[in-house]
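Enquirer:
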Amino acid sequence: MEHKKSNEANLEKKKITLFLIGLVASLALMLVFTELRSASIGDRDLPEEKSGLEDEEILEVMIEQEIVPPPPPPPPPPEPEIIEVVEDEAEVEETEIEAETEADEEIEIVEEVVEEPVIEKVFSVVEKMPSFPGGEEKLYEYLGKNIKYPQMAKEAGVQGRVYVQFVVEKDGSITDVKVARGIGSGCDKEAERVVNKMPKWEAGEQRGKKVRVKYTLPVLYQLR
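Taken in order, the sequence shown gives residues 16 to 239; the numbers are from the working numbering.
1. Return helix, strand or coil for ILE31, following the three-state DSSP convention.
2. Starting from TYR236, trace the beta strand (DSSP E) in both directions and tell me its first and last residue.
3. ALA206 and VAL179 - do their beta-carbons sit closer together than 7 Å?
4. Looking at the secondary structure, which residues open and close the alpha helix (DSSP H) in which VAL210 lies?
5. Are there three or more Cβ pairs, one per stretch, closer than 8 Å when the stretch 227-239 is compared with the stretch 135-153?
6. Since LEU235 contacts ARG176 with CB under 8 Å, what's their CB separation in whole angstroms?
7. Tell me, which residues are paired with GLN180 by DSSP?
8. Identify whether PHE48 lies in helix, strand or coil by the three-state DSSP scheme.
9. With 16 as the cutoff for other CB atoms within 10 Å, does ALA195 come out buried or exposed?
10. Do you know offhand how far VAL209's Cα is from GLU127's?
11. How many whole angstroms separate the CB atoms of ASN211 and ILE189, which I take to be in contact at a CB cut-off of 8 Å?
12. Using a Cβ-Cβ cut-off of 7 Å (strictly less than) and excluding sequence neighbours within five positions of GLN221, which residues of its own chain qualify?
13. Out of curiosity, what's the CA-to-CA distance linking THR32 and LEU38?
14. Comparing C-alpha positions only, which one of MET144, CYS202, LEU154 and GLY197 sits nearest to TYR164?
15. Report all residues from its chain with a CB closer than 6 Å to the CB of MET167; omit the five preceding and five following residues, and keep chain order.
16. For LEU158, which residues of its own chain have a beta-carbon under 7 Å away from its beta-carbon, when the five flanking residues on both sides are left out?
17. To which residues of the same chain is VAL192 closer than 8 Å at the C-beta, ignoring the five residues directly before and after it?
18. Mind reading off the beta-carbon distance from GLY187 to LYS215? Whole number of angstroms is fine, and I expect it under 8 Å.
19. Report back the beta-carbon spacing between PRO145 and VAL173 to the nearest angstrom; my notes put them in contact at under 8 Å.
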């Protein structure tokens, strides 16, 4: 006589079988889902920090990065200046100059001698003083006839003596005429003008030789 299994024992066996089937199915689904997700992320090649963003946010970030233009290239460096350096040891071609003058021919070098002018001493007092032709009487006669009283001095009532200095050269000529002391109002220039036109004097002498002598002549202006 066969023993019949109870319904509870059959249900217990079915539970274990169903649990194992469900576990296997769950593992299979998880494995498939994991492979699909890895393949989707690998195609996008997203950086690690963007893995937590949604698809729309990731797409926007990628577009913004593509729009940014690259920086301009740096300017080329300036060309270095080329400086040509000549070494001291560089050979220099020597040029021989042929002299047209023969070696035995003598060249005479003439030095030009510049004679410096000899300035003779001017005496103030000598053994024989220079004199006007005919003496002092003729000198004052010459001055009285040739000197004109300036009109400006007459109107201003200017009177006095004008001292004129000059040099009597060894040949009797008059040089270096200038007014040593004057009274103005045109009298100084008039006295200087007349002295410059004087005839040659008799030259002064010192130890029997004619010398240059400085002479001072007073010219009197007086109204009458």
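Think of the CB as a built atom: it goes at the ideal place given N, C-alpha and C, for glycine as much as any other residue.
Fair warning: this is a prediction, and the values are worked out from it, not measured in the lab.
Expert: On the basis of the coordinates in this document:
1. helix
2. 224-236
3. yes
4. 202-211
5. yes
6. 5 Å
7. LYS193 and THR231
8. When DSSP states are grouped into helix, strand and coil, PHE48 belongs to the helix group.
9. exposed
10. Between VAL209 and GLU127, the C-alpha separation is close to 43 Å.
11. 7 Å
12. Correct list, in chain order: PHE138, VAL141 and GLU142.
13. 10 Å
14. CYS202
15. Hits under 6 Å: SER200 and GLY201.
16. VAL209 and VAL234
17. VAL179, GLN180, PHE181, GLU207, VAL210 and ASN211
18. 4 Å
19. 30 Å between Cβ atoms; not a contact.
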